[in-house]
Amino acid sequence: MKKNSSKLKHQEEQRAAVQQQTAQQKTALEFATPEELLRHDAGQVSPPPAVARRLGESIAREPRPSRSWWQRFLRL
Amino acid sequence: MMATSVLEQTVEPEPTTSPAGPLLDSPRLAAIYEEHSRSIYYLALRFLGDPASAEDATHDVFLKAFRKLDQFRGDSGVRTWLYRIAINHCQNLLQSWHRRNVFPSADESFGHTVAAATETPLRILETKELGQRIQKTLDALPDEYRLLLLLVADEQMKYEQVGALTGQSADAVRGKLHRARKAFGALFQKTG
Numbered sequence: 179m180k181k182n183s184s185k186l187k188h189q190e191e192q193r194a195a196v197q198q199q200t201a202q203q204k205t206a207l208e209f210a211t212p213e214e215l216l217r218h219d220a221g222q223v224s225p226p227p228a229v230a231r232r233l234g235e236s237i238a239r240e241p242r243p244s245r246s247w248w249q250r251f252l253r254l
Numbered sequence: 003m004m005a006t007s008v009l010e011q012t013v014e015p016e017p018t019t020s021p022a023g024p025l026l027d028s029p030r031l032a033a034i035y036e037e038h039s040r041s042i043y044y045l046a047l048r049f050l051g052d053p054a055s056a057e058d059a060t061h062d063v064f065l066k067a068f069r070k071l072d073q074f075r076g077d078s079g080v081r082t083w084l085y086r087i088a089i090n091h092c093q094n095l096l097q098s099w100h101r102r103n104v105f106p107s108a109d110e111s112f113g114h115t116v117a118a119a120t121e122t123p124l125r126i127l128e129t130k131e132l133g134q135r136i137q138k139t140l141d142a143l144p145d146e147y148r149l150l151l152l153l154v155a156d157e158q159m160k161y162e163q164v165g166a167l168t169g170q171s172a173d174a175v176r177g178k179l180h181r182a183r184k185a186f187g188a189l190f191q192k193t194g
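Below, the structure written as structure tokens:
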């Protein structure tokens with residue numbers, strides 16, 4: 179019984195140590211300048227794929243560029 | 003002629019590897035989108051402070067770029083050119099929304115409030131709220147400081163290019179950047 183409780187205590191201590199280590203690792207994130215922080219932030223952000231899809235649809239609806247006089251002349 | 007060659011040198015179209023490739027008929031625009039959309043979206047997101055508006059702005063910026071692709075003379079890099087379109091677009095949106103900053107001049111009025119701010123490193127706990135904290139801090143900054151920090155945060159942008167985009171010299175950018183950093187640091191700590 180006593181052996182079991184000491185084992186349990188040991189496990190709890192280990193768990194607490196891991197939690198503390200994780201917390202320390204989390205707080206270790208440090209940026210010298212706002213730009214570094216913003217760079218880190220920018221690395222987490224990307225435009226949703228829907229934007230490219232919408233853009234493709236919008237471009238498809240755009241009028242085709244008119245041909246220049248020499249293209250019309252040469253019937254290109 | 004010149005514009006085309008510069009553009010093609012800067013951006014090598016790779017429609018087969020680009021996720022935007024199948025969606026965009028123009029291989030040139032697909033390549034440009036692939037390379038720069040992340041930066042443009044991030045600028046719009048943090049400048050406007052709203053993901054939906056940033057999506058719309060990114061779409062509109064690249065659509066404008068598509069329409070003006072033939073006029074692009076290559077005097078500046080593609081990214082600088084896109085940033086110029088994006089900044090004008092976002093500033094117009096902010097003006098139309100009556101969301102202009104309340105500070106008449108970034109240097110005159112804002113400098114006093116952050117004069118005592120120290121230049122300590124920004125220590126943060128990696129949380130989901132980090133983006134919200136950053137947004138809150140940027141929202142509280144004058145537009146000019148916000149824009150400078152966002153542009154300088156892009157490692158591809160030199161002070162000269164940032165100066166050209168914001169209508170000032172590289173030295174002026176350096177000076178204002180120093181104050182912008184202080185202001186950001188002070189406000190960021192308040193949001194914690």
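Chains as they are written, first to last, in our numbering: chain A, 179 to 254; chain B, 3 to 194.
Cβ atoms here follow ideal geometry from the backbone N, Cα and C, with glycine treated the same way.
As the structure is a computational prediction, the values presented were derived from the model and not from experiment.
Original post:
If we count Cβ pairs, one from each stretch, closer than 8 angstroms, do we get three or more for the stretch 149-168 of chain B versus the stretch 230-239 of chain A?
Top reply: no
**OP:** Could you tell me whether the stretch 34-42 of chain B touches the stretch 62-74 of chain B, where touching means 3 or more Cβ pairs closer than 8 angstroms?
**Re:** yes
Original post:
How is the alpha helix (DSSP H) around B/PRO163 delimited, first residue to last?
Top reply: Note that residue 163 of chain B corresponds to Gln in the displayed sequence, not to Pro. Where B/GLN163 is concerned, the enclosing alpha helix (DSSP H) stretches over 161-168.
Original post:
Mind pulling the alpha helix (DSSP H) runs of 4 or more residues that sit fully within the stretch 183-236 of chain A?
Top reply: 212-221
**OP:** Evaluate contact between the stretch 184-192 of chain B and the stretch 86-101 of chain B, counting only Cβ atoms and requiring at least three cross-stretch pairs below 8 angstroms.
**Re:** no
Subject >> Closest Cα partner of B/ARG166 within the set B/ASP58, B/ASP77, B/GLN137 and B/ALA54 >> reply: For the sequence presented, residue 166 of chain B should be read as Ala rather than Arg. When each option's Cα is compared against that of B/ALA166, the closest is B/ASP77.
Subject >> Range covered by the alpha helix (DSSP H) that runs through B/LEU150 >> reply: 145-154
Original post:
With which residues is B/LEU132 paired in a DSSP beta bridge?
Top reply: Per DSSP, none; premise fails for B/LEU132.
Subject >> Within chain A, the residues that B/GLU57 reaches when beta carbons sit closer than 9 angstroms >> reply: PRO225, PRO226, ALA228, VAL229 and ARG232
Original post:
Which partner residues of B/LEU124 appear in the DSSP bridge assignment?
Top reply: A/PHE209
Original post:
Ordered along the chain, which non-local residues of its own chain (more than five positions away) have a Cβ less than 6 angstroms from that of B/THR60?
Top reply: ILE42, TYR43 and ALA46
Original post:
B/HIS38: which of B/GLY79, B/PHE74, B/SER171 and B/PRO144 sits nearest, CA to CA?
Top reply: B/GLY79
Original post:
Nearest-angstrom Cα distance between B/LEU50 and A/GLN197?
Top reply: 38 angstroms
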